[in-house]
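Counted the way mature numbering (1 follows the signal peptide of the UniProt record, and there is no 0) counts, the sequence shown spans residues -18 to -1, 1 to 410. One structure is given here, and the rest of the page talks about it.
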Amino acid sequence: MDYARFFCALLLIGRALSSRPFTVYPPFCEKDRRGLVADNDDGRLCLAPGQHAVIHNHTVQRNFSSEGQSSCIWSDNHERQYCVFVDPRFDRGKGIAVITTPSRALHLFNSNGSMLDRFGSSHEPLFTTRLTGIKGRGIFATRHIAAGDLIAQEPPILFLDNKLVEDISSREARDGLQALAISKLPRTTRETVRGLYGEGPTGNRTLQLLINSYGVSGGPAKSWPGVDDESDSGMYAVHASISKINHDCRSNAAPQWDWNLLAHKLYALRDIAVDEEITISYFDTIHTHQERQEYIRENLGFECACKYCRAGSDFIQLSDDRIREILLLESYLESREIAPAEPAAMAELLVSLYRQEGLDNYMSKAYALAAREWNGLGHEFQARSWAYESVKAGLTAGSGSGMEDYVEDMDALLDGARRHWSWKYRID
């Protein structure tokens, strides 16, 4: 199959820096495209005199169906292009649209080659979507789901480079590129996106990327462009089903990104009953009620309707007291310069407070601190018991949860408690 032919049609889109309307340029399919210039008046898209177009070198060479195509727009400084790559046959016809640089796209699809041709899940879903009343749409368990169970494994329908926002200042241009990407997806998938985001006042879909999308860090390989750049904020993934999951300050599920599968996996943090809503936390929720409410309003643009935020004033005060004591205990236990009188008892209290507060996504940290303190007192087997709990909780919470360092430390403790840095450190 001639994969180069798939991307012969290059649709250049862009918006001039002036007030001209957003322009969509027709396809080109020339054998030699080195001199391709869309519009000499459009500083965003056009090449400077004497430059060579490099778009023809940036076509993904494999794993797209015959309908695949790429469309590009320049960054403000004209140093890089962001392109749309679409495969409408991906994931059994759901399709996928990727907006990123051509170099990242090449790495992405080369790294996920054969998977892209065969991906698709046939198992019975463990949840259904319905209206919740207060929160709007949500997903609910259709059967009992045990803690640690895989709830869903789903590739994205949209996979967007986060630096797009930084590199292209025009919101209209960004929205136009996103709208073009969506328009190339299958009809049912377009309807799904419409259900997630609705229609803007001009008819263009506005993607509210901080809501209903998942941040993805790292890359599929060490050679992934920008993988070692600390300022790189990765990609955003939008999914047909799990992007409908509502926020809860005390969630019962956690997502994990798998670069090898190009998919998010959703795991149960605790037992989930039939008809219980499945939720995730959109941010670090180890904060008081007022702090959480202010963050959600200012950064996410909605009012939290979880039971902890809607509780009575006495219960809110009790929760805030637990949060403050959690933070105080952690400051004592994580500082090796302070020698608490009862470090193991403090660590056990910390675990209890985490459990009472329903902070299941962060239990790996609490268990790890308990393991360190028991090990620090020379109690190897109590330490190992907590270390096993920590590793299990951390693996369920997954990468990106902030628990990775604790899992690594507890793995080291399990390899040899008496060789671990914490062995008898409280009494030596």
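A virtual CB, placed ideally from N, CA and C, is assigned to each residue, including glycine.
Between Ile133 and Leu108, the beta carbon gap of about 5 Å places them in contact (Cβ cut-off 8 Å). Here the region 252 to 261 makes contact with the region 226 to 234; the two share three or more CB pairs at distances below 8 Å.
By the neighbour-count criterion, in which 16 or more other beta carbons inside 10 Å mark a residue as buried, Arg169 falls on the exposed side. Per DSSP, the beta bridge partners of Tyr196 are Ala219. Rounded to whole angstroms, the gap between the alpha carbons of Asp240 and Met217 is 13 Å. Phe141 is bridged by DSSP to Val80 and Ala219. Measuring C-alpha to C-alpha distances from Gln338 to each of Phe297, Arg71, Tyr179 and Gly158 identifies Phe297 as the nearest. Cβ-Cβ distances below 7 Å link Ala128 to Ala250 and Asp253 in the same chain, with the five nearest sequence neighbours on each side left out; the list follows chain order. Judged by DSSP in its simplified three-state form, Ser53 adopts strand.
Excluding five sequence positions before and after Ser346, the CB atoms of its chain that fall closer than 7 Å to its own CB belong to Ser372, Ala375, Gly376, Ala379, Met385, Tyr388 and Val389, given in chain order. Contact between Leu332 and Pro325 is ruled out by a C-beta separation of about 10 Å, above the 8 Å threshold.
Going by DSSP, Glu312 is part of the alpha helix (DSSP H) stretching over Ser295 to Glu316.
Judged by DSSP secondary structure, Arg112 falls outside any alpha helix (DSSP H) and instead within the beta strand (DSSP E) spanning Phe109 to Leu113. For Ile260, the uninterrupted beta strand (DSSP E) segment begins and ends at Glu259 to Ile262.
According to the DSSP secondary-structure assignment, Cys65 is paired through a beta bridge with Cys54 and Thr82. Each residue's CA atom was taken as its position, placing Asn228 and Ile78 some 23 Å apart. Put simply, of Arg156, Arg71 and Cys65 the residue whose alpha carbon is nearest the alpha carbon of Pro137 is Arg71.
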